[in-house]
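Residue numbers (the numbering used here), protein chains in the order written: chain F, 1 to 196; chain B, 1 to 183.
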């Protein structure tokens with residue numbers, strides 16, 4: 001039961017923040033992906049950096065359970081799937097999480113995105129055996145690995161570098177990039193924010 | 001009003017951190033599969049069945065990894081599924097609290113209007129197609145923007161970097177081709 005309460009609280013907080021940073025707004029996504037306004041990119045980079053520094057620093061201080069980490073496997077399909085997701089993300093202006101939030105906030109096109117998504121997921125469920133047989137789902141470079149070796153983690157490291165320290169360094173790197181990234185790369189003048 | 005990136009990024013980072021601290025990293029796209037399974041199982045109750053130790057399915061994808069997806073289909077009141085429902089609730093309340101998304105935006109986003117005029121059904125068709133490709137790709141990759149890109153890169157997981165590289169390699173050129181006017 002307590003896990004359901006946590007799901008409600010953390011899920012609602014996540015949905016509310018996605019709404020407030022503009023991630024559920026296809027206009028902000030479009031501006032980010034056409035590199036005409038990178039405000040949302042800065043937000044995302046700062047978030048990854050903040051999360052990383054807090055988590056790994058917490059682990060080093062013994063405040064964060066290392067066992068809560070959940071690392072996904074690396075295989076060729078991750079890259080192909082990423083290419084597909086990127087194309088669809090650009091087309092729709094939504095990814096799975098922001099799509100459901102946008103639909104809830106009343107955006108009509110997001111409901112069509114969800115319908116298409118349910119069909120796409122079903123299509124994958126049906127074609128999964130073919131992907132499995134193709135070998136594209138076979139682990140590469142050790143599969144479920146982190147870039148460094150995190151002390152006490154059940155996941156192997158791609159390198160022998162101390163993983164929690166590396167996590168803090170990379171996290172700080174994300175934060176620095178968030179600060180130095182220009183507001184716009186393509187086009188001239190001030191970056192224009194969407195009206196909504 | 002959109003939050004300044006410093007405030008927004010900090011808040012978003014704290015949410016991702018709290019998820020790992022209290023439960024596990026955030027992920028969303030699996031729940032599209034779970035909902036498909038729930039719908040499929042309602043139509044054909046043979047889809048997901050109980051075994052001695054756990055659950056299994058006639059669909060190989062639902063049955064994989066010891067039937068963990070089949071189990072979630074059979075018990076929708078689980079952490080990850082409720083999490084996504086709660087996300088919708090949180091986004092709805094947040095949008096309402098700031099006065100709601102304007103009527104014309106709900107019907108058609110400004111960026112679409114600027115490039116393709118008042119063609120809402122064309123937009124809905126593209127959103128549907130985009131949704132199909134996004135979820136097919138996310139399931140092939142084993143995660144989406146939340147699970148791979150955000151949660152993954154935050155944990156320094158190799159797969160997160162591979163995924164992000166692939167996603168931006170197509171997202172940026174496709175977006176630049178589609179949306180030439182800034183809107």
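Glycine included, each C-beta is placed from N, C-alpha and C at the ideal position. This one's a predicted model, so the numbers in the text were calculated from it and none came from an experiment.
Three-way DSSP call (helix, strand, coil) for residue 75 of chain B in this model: coil
Is it true that the CB of residue 155 of chain B sits closer than 8 Å to the CB of residue 69 of chain F? yes
Spatial neighbours of residue 48 of chain F within its chain, please: C-beta separation below 6 Å, excluding the five flanking residues on both sides. 174
Taking Cβ positions only, does residue 105 of chain F come closer than 8 Å to chain D? The chain inventory of the structure shown lacks chain D, comprising the protein chains F and B.
Give me the subset of the segment 109 to 132 of chain B whose CB atoms are less than 8 Å from a CB atom of chain F, sorted by chain position. 109, 110, 111, 112, 120, 123, 124, 125, 126, 127, 128, 129, 130, 131 and 132
Go ahead and pull the three-state DSSP assignment for residue 105 of chain F. coil
Can the beta-carbon of residue 18 of chain F be found closer than 8 Å to that of residue 138 of chain B? no
Return no unless some Cβ of chain F is closer than 8 Å to the Cβ of residue 206 of chain B. Look at the range of chain B in this structure, 1 to 183, and you will see that residue 206 of chain B is not part of it.
Span separating the alpha-carbon of residue 152 of chain F from that of residue 188 of chain F: 50 Å
Do you know how far the Cα of residue 105 of chain F is from the Cα of residue 100 of chain B? 7 Å
Curious, which full-length alpha helix (DSSP H) runs of at least 4 residues does the segment 90 to 171 of chain F contain? 96 to 104 and 108 to 134
What span of residues does the alpha helix (DSSP H) with residue 159 of chain B cover, start to end? 158 to 178
Residues, ordered as in the chain, of the segment 42 to 58 of chain F that lie near chain B by beta-carbon distance below 9 Å: 42, 43, 44, 45, 46, 47, 48, 49, 50, 51, 52, 53, 54, 55, 56 and 58
So the beta strand (DSSP E) residue 50 of chain B belongs to, where does it begin and stop? 48 to 50
How far does the beta strand (DSSP E) with residue 57 of chain B in it reach, from first residue to last? 55 to 57
Alpha carbon of residue 5 of chain B to alpha carbon of residue 40 of chain F, nearest angstrom: 7 Å
Buried or exposed for residue 51 of chain B, please, with buried defined as at least 16 other CB atoms from any protein chain shown within 10 angstroms of its CB. exposed
Indicate whether residue 94 of chain B and residue 81 of chain B have their beta-carbon atoms separated by less than 8 Å. no
Contacts of residue 59 of chain B in chain F (Cβ-Cβ under 9 Å): 125, 126 and 128
If we define contact as Cβ-Cβ less than 8 Å, is residue 188 of chain F a contact residue for chain B? no
List the DSSP bridge partners of residue 75 of chain F. F:139
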